[in-house]
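In the numbering used here, the protein residues as written are 542 to 678.
The beta-carbon is built from N, C-alpha and C at its ideal position, and this holds for glycine as well.
What follows is a short report on a single structure.
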């Protein structure tokens, strides 16, 4: 990632355009636009640019390595209308994001996500919701 959210937006009067978002967060993903707009949609942000405070909020969410945060990010990407529900149509559209979903929910690159792991982490206490907890399954 960039050194700080402030440095990412320093040359643009405190605003960051969505086209610079991937470079700012140092992710070489073709879906950084989807990530940008899903984070914006959840926060009811409209437009193609965000300010420093909003960038910091985005930064905090994508920097959080907890399972809950990663799952929330994936859910937000799939929930296109931000109604808090994922429809069958939204699932069909999400197929193209499979690589990004795997990156978010399988950071150790095991090549799979186990339902058992998701359920165990969901029922575990908040301090034990680290994605690495699944590597022993």
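Name the DSSP bridge partner or partners of residue i?
i           : result
residue 632 : Partner(s): none; residue 632 has no beta bridge.
residue 591 : 557
Reducing DSSP to helix, strand and coil, say where residue i ends up.
i           : result
residue 586 : coil
residue 558 : strand
At a cut-off of 7 Å, is residue i close to the ligand HEM when judged by its beta-carbon and the heavy atoms of the ligand?
i           : result
residue 582 : Summarising the ligand content, the structure contains no ligands, and the ligand HEM is consequently not present.
Determine the direct distance from the alpha carbon of residue j to that of residue i, and round the result to whole angstroms.
i           : j           : result
residue 611 : residue 554 : 30 Å
residue 636 : residue 549 : 31 Å
residue 633 : residue 624 : 17 Å
residue 603 : residue 614 : 8 Å
residue 564 : residue 652 : 26 Å
residue 595 : residue 605 : 16 Å
residue 628 : residue 556 : 33 Å
Quick one: what's got a C-beta closer than 6 Å to residue i's C-beta in the same chain, skipping five residues either side?
i           : result
residue 654 : 646 and 647
For residue i, I'd like the list of residues in its chain whose CB is within less than 8 Å of its CB, leaving aside the five on either flank, ordered along the chain.
i           : result
residue 626 : 620
residue 575 : 618, 638 and 641
Classify residue i as buried or exposed, calling it buried when 16 or more other Cβ atoms lie within 10 Å of its own Cβ.
i           : result
residue 573 : buried
Between which residues of its own chain and residue i is the CB-CB distance below 7 Å, once the five residues before and five after are set aside?
i           : result
residue 580 : 599, 602 and 617
residue 583 : 617 and 623
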